[in-house]
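Data block below; observations after.
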Amino acid sequence: MDGAHPTARSLLSDIFGFDAFRPLQEEIVASVTRGEDVLAILPTGGGKSLCYQLPALLRPGLTVVISPLIALMRDQVRALREAGVAAAALTSGNTQDETDAVYAGLAQGSLKVLYMAPERLATGGTDRLLAQAGVTLLAVDEAHCVSQWGHDFRPDYLRIGALRRALDVPLAAFTATADSETRAEITARLFDGAAPCTFLGGFDRPNIHLAFAPKSKPREQILTFASARKDQSGIVYCGTRAKTETLAKALNDHGLQAAAYHAGMEPDTRREVERRFQTEDGLIVVATVAFGMGIDKPDIRWVAHADLPKSIEAYYQEVGRAGRDGEPAETLTLYGADDIRFRRMQIDESPSPPERRLADHGRLNALLGLAEAQDCRRRKLLAYFEDDEAACGNCDLCAAPPETFDGTEAVMKALSAILRTGESFGVGHLTDVLTGTRTEKVSARGHDRLPTFGVGQDIDRREWAAIFRQMMGHDLVRPDPERHGGLRMTQAARPILKGEQTISLRRDTITSGTRRSAPKALVSDEDAPLLSALKARRRALAEAQRAPAYVIFPDRTLIEMAEKRPATLDQMSHISGVGAKKLERYGQTFLEVINGDAAEVPDHPARRKLAGRAAGEVYDRLLAAQARLNRGADGTGKPMSCSASLLARIAALGPGAGEQLDRLLGDRLAERFGTAFAEILEDG
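Numbered continuously in the numbering used here, the sequence shown closes out at residue 1125.
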């Protein structure tokens, strides 16, 4: 670092050994060096770290880098030290000697770059320590972790804004992917709502080949894909921990080198897998999303998804871990009906507010749109990120365009069925209506009398399921979390419904990938959103009581509630597992989940205690008789009535209770109601 006034270009060459900047790097470095607040969105492999490391060397004082992964911090500190830069990391993984050395460096003012995990901000004295250390710049890596609704949310990232205010220094935030909503959240939480200088790099990774396939013997599909790339490093992402282990075993049995990785493993085991992946050639890591953020391995040649990712942002980040060296890389994403149901359930069961869950369904729709795309996937993916510069030729659809057909008439029929049933039902019920299937539910709601009943008989149920899936992919409909997954039309659907616009659909994803190989679902597609809502209510009650969920109700009870949909406490009492105490304690709250504002819950506790018993029905008949005789048989008398608790005691008397009835009523009430009440009691 000789020379009185090093420049960004001289340091780029002398310290980091690069001859030229990558796109946007030079402009970002200049802005950060000037002390401006910066938000930079650069694609994975776009050289984000250089954008804060160079300014750290060009500016006086200390730069603090907040990063979420200890392994990545250690790698970067090692690389900087080897380049002659005074760098250190303050993490929970430090030895006492390492921590003492960091404190000494801070006290002496000899450090230029200090890496710190966000969790460190929660410990007392961190603000004071940094204020005394002469910090002049804060850099935040993986800034999307500040988004509370993102798939990588870190609660401690919410403390960064307060640290910035306390130190009163400029802040530079970096991430590889952020849609406009996440960018707004970053601005609000890290920059107090004041817009930073924003650099939006191109999202295109032209060296990555994109491909999707409907599931059809998915394990064989993954084994075939991986075997064709033997001795190349790859990642297989799975939706569950258990699947990572079974699929890793299958790959090993198939003669490939594979290791499972998930958050439930011992930390030492996880670190060993990370070490092997960084150092061995050709290792396949079969992982949940716990693996990958901050994995700084440039030669990952392929990424496969054995299950559909959570969202289009998650997909972009996960496939973006391939080919960071710019060399060709490949991807394959499998998807099926069970994946989509699982992801919908995750959204429905999340504690997010309704509008956020609706937006999350929209994000999942965007990913389905990518899976069901009819032309270039790259163009569709980049359009989502508002990046329209896409010349592809490197995706499966550019290589082999799919067969399409005019789906306008079928989509219009489906939209009509959605509207005529009040936008309150899911795919299963709508398919029953369209195919003219007279189920108990269809008949009970009078939907067999709708004009749309049976208009889609020429299309079978499997094809209708695929048509609805493609409608979601086009974001024409979204499941409404407030209506237990009932499909609601979006504005985009209106021109089609009015006949102002046509729509083409893919034929191949209708005829393939619709066969189910997964175990039978707990409930039908139609009842799954309600089951999710019931589980969410159960979880909230269990957490409040610090009790296991099954103590409230076991799964089989919630399944029966979802299928039978009781409308009253009396009906609820007939659900297996709902005893008198639980009915009294939880019946009303679960009825509200099932029926919303329409829940028929008796106003008086005395009636609620009779729910599910014969006396409850007797009470209702006594109440009706009282209303009829309120002003006497001729309707001209003085109004009279019994209290709810008195009616409940009478309802419990049973037949042959003449004297007891008279005693409870007293002369005045007995004269008005005695005969009618006695008849009701005799009838039981």
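We treat Cβ as the ideally placed atom computed from N, Cα and C, and that holds for glycine.
As the structure is a prediction and not an experimental result, all values here were calculated from the model.
What's the gap between the Cα of residue i and the Cα of residue j?
{"i": "Val874", "j": "Gly895", "result": "6 Å"}
{"i": "Gly897", "j": "Gly877", "result": "8 Å"}
{"i": "Ala1066", "j": "His888", "result": "35 Å"}
{"i": "Thr623", "j": "Arg630", "result": "10 Å"}
{"i": "Lys961", "j": "Asp478", "result": "Unreliable positioning characterises Lys961 in this predicted model, as indicated by a pLDDT of 39, which lies under 50. The coordinate reading is nonetheless provided below. The straight-line gap from Cα to Cα measures roughly 53 Å."}
{"i": "Ala1085", "j": "Phe1118", "result": "14 Å"}
{"i": "Arg929", "j": "Leu805", "result": "15 Å"}
{"i": "Leu1088", "j": "His925", "result": "37 Å"}
{"i": "Gln758", "j": "Asn535", "result": "29 Å"}
{"i": "Gly1107", "j": "Lys1079", "result": "17 Å"}
{"i": "Cys638", "j": "Phe644", "result": "18 Å"}
{"i": "Asp901", "j": "Gly761", "result": "38 Å"}
{"i": "Ala1056", "j": "Glu1120", "result": "14 Å"}
{"i": "Glu850", "j": "Ser857", "result": "11 Å"}
{"i": "Asp837", "j": "Pro843", "result": "10 Å"}
{"i": "Lys882", "j": "Gly940", "result": "30 Å"}
{"i": "Glu707", "j": "Thr845", "result": "49 Å"}
{"i": "Pro659", "j": "Tyr776", "result": "9 Å"}
{"i": "Ala449", "j": "Leu498", "result": "9 Å"}
Relative to the alpha-carbon of residue i, which residue among the options has its alpha-carbon at the smallest distance?
{"i": "Leu552", "options": "Leu521, Tyr757 and Ala745", "result": "Leu521"}
{"i": "Val964", "options": "Ala652, Ala800 and Leu999", "result": "Leu999"}
{"i": "Ala728", "options": "Leu972, Arg711, Pro611 and Arg716", "result": "Arg711"}
{"i": "Ile511", "options": "Ser533, Arg924 and Val587", "result": "Ser533"}
{"i": "Gly476", "options": "Phe457, Ala580, Ala563 and Ile507", "result": "Ala580"}
{"i": "Arg670", "options": "Ile725, Gln589 and Thr685", "result": "Ile725"}
{"i": "Arg765", "options": "Val744, Pro750 and Leu480", "result": "Val744"}
{"i": "Asp828", "options": "Ser451, Ile482, Ala1092 and Tyr776", "result": "Ile482"}
{"i": "Arg785", "options": "Gly767, Val760 and Pro750", "result": "Pro750"}
{"i": "Gly1073", "options": "Glu1100, Glu1058 and Gly1115", "result": "Gly1115"}
{"i": "Glu768", "options": "Ser791, Gln787 and Lys738", "result": "Lys738"}
{"i": "Glu1058", "options": "Phe1031, Val1034 and Ala1093", "result": "Ala1093"}
{"i": "Glu661", "options": "Gly803, Thr687 and Ala558", "result": "Thr687"}
{"i": "Gly1158", "options": "Pro509, Ala497, Ile507 and Phe462", "result": "For the chain, the structure presents residues 442 to 1125; residue 1158 sits outside this window and is missing."}
{"i": "Ala977", "options": "Gln549, Gln787 and Ser454", "result": "Gln787"}
{"i": "Val610", "options": "Arg1069, Leu571 and Arg595", "result": "Leu571"}
Residue i by DSSP, collapsed to three states: which one?
{"i": "Pro920", "result": "strand"}
{"i": "Leu483", "result": "coil"}
{"i": "Pro655", "result": "strand"}
{"i": "Cys389", "result": "This structure leaves residue 389 out entirely; the chain is present only between 442 and 1125."}
{"i": "Asp443", "result": "At Asp443, the pLDDT of 42 sits below 50, so the modelled position is not reliable; the number obtained from the coordinates is stated separately. If DSSP states are grouped into helix, strand and coil, Asp443 belongs with coil."}
{"i": "Pro960", "result": "Low per-residue confidence applies at Pro960: pLDDT is 33, beneath 50, and the placement is therefore not dependable, though the value from the model is reported in the following sentence. Of the three classes helix, strand and coil, the one that applies to Pro960 here is coil, per DSSP."}
{"i": "Asp847", "result": "strand"}
{"i": "Phe1118", "result": "helix"}
{"i": "Met1081", "result": "coil"}
{"i": "Val883", "result": "helix"}
{"i": "Met913", "result": "helix"}
{"i": "Ala461", "result": "coil"}
{"i": "His1015", "result": "coil"}
Is residue j closer than 8 Å to residue i when the C-beta atoms are compared?
{"i": "Leu1024", "j": "Ser1014", "result": "yes"}
{"i": "Glu813", "j": "Thr943", "result": "no"}
{"i": "Leu773", "j": "Ala654", "result": "yes"}
{"i": "Leu465", "j": "Phe640", "result": "yes"}
{"i": "Pro1096", "j": "Leu1064", "result": "no"}
{"i": "Gly705", "j": "Arg682", "result": "yes"}
{"i": "Thr540", "j": "Arg500", "result": "no"}
{"i": "His870", "j": "Glu1004", "result": "no"}
{"i": "Cys492", "j": "Val470", "result": "yes"}
Please work out which residues of its chain come closer than 7 Å, Cβ to Cβ, to residue i, disregarding the five sequence neighbours upstream and downstream, and give them in chain order.
{"i": "His695", "result": "Leu664 and Ser668"}
{"i": "Ala574", "result": "Leu503 and Leu547"}
{"i": "Asp722", "result": "Asp672 and Ser674"}
{"i": "Ser1082", "result": "Gln1067 and Asn1071"}
{"i": "Ala445", "result": "Low confidence applies here, because Ala445 scores a pLDDT of 48, under 50, leaving its location unreliable; read the following figure in that light. If we look at Ala445 and ignore the five residues flanking it on each side, it has no Cβ neighbours."}
{"i": "Asp568", "result": "Leu604 and Ala607"}
{"i": "Gly634", "result": "Thr628"}
Closer than 8 Å by C-beta to residue i: which residues in its own chain qualify, once you throw out the five before and the five after it? Chain order, please.
{"i": "Asn693", "result": "Ala699"}
Quick one: what's got a C-beta closer than 6 Å to residue i's C-beta in the same chain, skipping five residues either side?
{"i": "Asp789", "result": "Pro922, Pro970 and Ser973"}
{"i": "Phe632", "result": "Asp478"}
{"i": "His914", "result": "It is worth fixing the name first, because residue 914 is Gly in this sequence and not His. Answer for Gly914: Leu809, Gly810 and Glu813, listed in chain order."}
{"i": "Ser472", "result": "Val479 and Cys638"}
{"i": "Glu771", "result": "His650 and Trp743"}
{"i": "Ala613", "result": "Val473, Val479, Tyr493 and Ala580"}
{"i": "Glu390", "result": "Limits of the chain in this structure are 442 at one end and 1125 at the other, which puts residue 390 out of reach."}
{"i": "Asp597", "result": "Pro559, Glu560, Leu562 and Ala563"}
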